[in-house]
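Notes for the one structure printed next.
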Amino acid sequence: AQKVTQAQTEISVVEKEDVTLDCVYETRDTTYYLFWYKQPPSGELVFLIRRNSFDEQNEISGRYSWNFQKSTSSFNFTITASQVVDSAVYFCALSGYNFNKFYFGSGTKLNVKP
Amino acid sequence: DTAVSQTPKYLVTQMGNDKSIKCEQNLGHDTMYWYKQDSKKFLKIMFSYNNKELIINETVPNRFSPKSPDKAHLNLHINSLELGDSAVYFCASSQGGTGGKETQYFGPGTRLLVL
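Protein chains in written order, with my numbering: chain P, 658 to 771; chain C, 4 to 118.
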């Protein structure tokens, strides 16, 4: 069975703080893919990153970084020096053997206050 | 240029009516999807088409019928709308395949409100 858990329902931080959004996944597939999407208040879903199960290298993109650890089945997302524009709901997603079928977590709402 | 577009953006209708939502992608992708996002923001796949063929059909009431006239379009028709159908419906597309081609790109969503 495929499952994604985002235990943090809502997080509030003050601008310039660092924040980490947790994502824990379950899958029996040896090959799988992990994703993060951002849903700002305007409602669209924006793709942020994709990782395959064979690539455990951490990735940094500007203020965003992702930590993939197979040993703990986690794919956490850190925003450094958060900004008000980072306020959004962030979704973690998993696809496995049926790579077309995405399983989304319940999302974490991030509020960044000025 | 809009990559994945949906019309209408908002849809308010009465219970019992039939309505359609249209989706078009200009990314040249082979696979398209429909998702439903409920009031708690939970996203769940409903259908997927690859080159006009249905490849994913989740447990969705048969009042929902997708139609793909060509690989750039995937429409969603809903018969006899119910209050519980109120949600945001997202269309998405992907190249199809692996090695990065499984990444899905989403449209702006259609906010459906059934009164």
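Beta carbons: idealized from backbone N, C-alpha and C, even for Gly.
These numbers come from a predicted model, not from an experiment.
The beta carbon of Glu667 of chain P sits closer than 6 Å to the beta carbons of Lys766 from its chain, once the five residues preceding and following it are set aside; these are given in chain order. Using a Cβ-Cβ cut-off of 7 Å, Gly753 of chain P does not count as an interface residue toward chain C, since no Cβ of chain C sits closer than that to its own. For Glu701 of chain P, the C-beta contacts it makes with chain C under 7 Å involve Phe109, Pro111, Gly112, in order along the chain. According to the DSSP secondary-structure assignment, Pro69 of chain C is paired through a beta bridge with C:Leu79. When C-beta atoms of the stretch 668 to 688 of chain P are compared with those of the stretch 699 to 708 of chain P, fewer than three pairs fall below 8 Å, so the two segments do not count as touching. When secondary structure is reduced to three states using DSSP, Val63 of chain C falls in the coil class, being assigned neither helix nor strand. Residue environment for Lys74 of chain C: buried (at least 16 other C-beta atoms within 10 angstroms of its C-beta).
In the DSSP secondary-structure assignment, Cys749 of chain P is bridged to P:Trp693. Taking a C-beta cut-off of 7 Å against chain C, the contacting residues of the stretch 752 to 771 of chain P are Ser752, Phe756, Asn757, Lys758, Phe759, Phe761, Ser763, Gly764, listed in chain order. If you ignore the 5 residues before and after Ser730 of chain P, its C-beta comes within less than 7 Å of the C-beta of Val681, Tyr682, Glu683, all in its own chain and listed in chain order.
Taking C-alpha positions only, Ile736 of chain P is separated from Asp88 of chain C by approximately 35 Å. Comparing C-alpha distances from Pro11 of chain C to each of C:Tyr92, C:Tyr38, C:Lys44 shows the shortest one belongs to C:Tyr92. Interface annotation, Lys22 of chain C: not in contact with chain P, CB-CB separation never under 7 Å. Taking a Cβ-Cβ threshold of 7 Å, the residues of chain P close to Ile58 of chain C are Asn757, in chain order.
Between Lys25 of chain C and Asn78 of chain C the beta-carbon gap is near 5 Å, inside 8 Å, which marks them as a contact. The three-state secondary structure of Ser739 of chain P, taken from DSSP, is coil.
Nearest Cα to Ser83 of chain C within the set C:Thr16, C:Lys55, C:Ala90: C:Thr16. About 6 Å separates the CB atoms of Val670 of chain P and Val769 of chain P; that is less than 8 Å, so the two are in contact. Going by C-alpha positions, Gln714 of chain P is about 44 Å away from Ile81 of chain C. With a threshold of 16 other beta carbon atoms within 10 Å, Asp21 of chain C falls short and is exposed. Taking each of C:Thr62, C:Thr101, C:Phe67 in turn and checking the Cα distance to Thr34 of chain C, the smallest one comes out for C:Thr101.
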